[in-house]
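Residue numbers (this note's numbering): 7 to 124. Built from N, CA and C at the ideal position, the CB exists for glycine as well.
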Amino acid sequence: MENTLENKAKFFAQYYSVPCIQNDEWIWRENDEFGKLPSGCDITDCYANLKPLTLITDEDAFRIGFCNRKIFLATNTNLYIYQINSADFLRSKGYALPWMGLSVEKLIEYGWIKLRES
């Protein structure tokens with residue numbers, strides 16, 4: 007996947023409800039209207055400020071594991087659905103995940119994300 011503004015916007019859409027999109031002068035907050043950047047602000051300069059999976063909380067890890075337990079106890083369940091639900095849950099909590107074949111490292115290289123240290 008190429009590093010284009012269109013692809014970057016699609017990537018940002020994965021974090022629609024998470025206040026993580028920012029640049030060096032502006033941070034999107036929950037009460038800001040998503041998709042409307044302040045004047046003078048451009049998606050070119052924006053990035054998603056996300057947590058690495060190494061910082062997953064016990065509560066978040068438990069929730070993923072608990073859902074996993076339910077999947078394996080049920081019959082005729084499609085594991086792919088679990089993977090989508092888990093990814094969506096982790097994104098909703100602001101964790102950095104691979105996207106469309108791009109690794110987290112490649113997303114950092116593209117400048118689409120920066121990882122938090124805490």
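Mind checking who residue i pairs with in its DSSP beta bridge?
i: N55; result: K120
i: L108; result: W105
i: I27; result: A54
My understanding is that residue i touches residue j, with C-beta atoms under 8 angstroms, so please give their C-beta distance in whole angstroms.
i: Y101; j: I70; result: In fact, because the Cβ distance is near 10 angstroms, the residues do not count as touching under 8 angstroms.
i: L108; j: M7; result: 6 angstroms
Starting from residue i and walking both ways along the alpha helix (DSSP H), at which residues does that stretch end?
i: A102; result: Careful: A102 lies outside any alpha helix (DSSP H) and carries neither H nor E.
i: L11; result: L11 to A19
Between the beta-carbon of residue i and the beta-carbon of residue j, is there less than 8 angstroms?
i: L56; j: I119; result: yes
i: C26; j: A54; result: yes
i: Q28; j: R97; result: no
i: T50; j: L103; result: no
i: W105; j: F18; result: no
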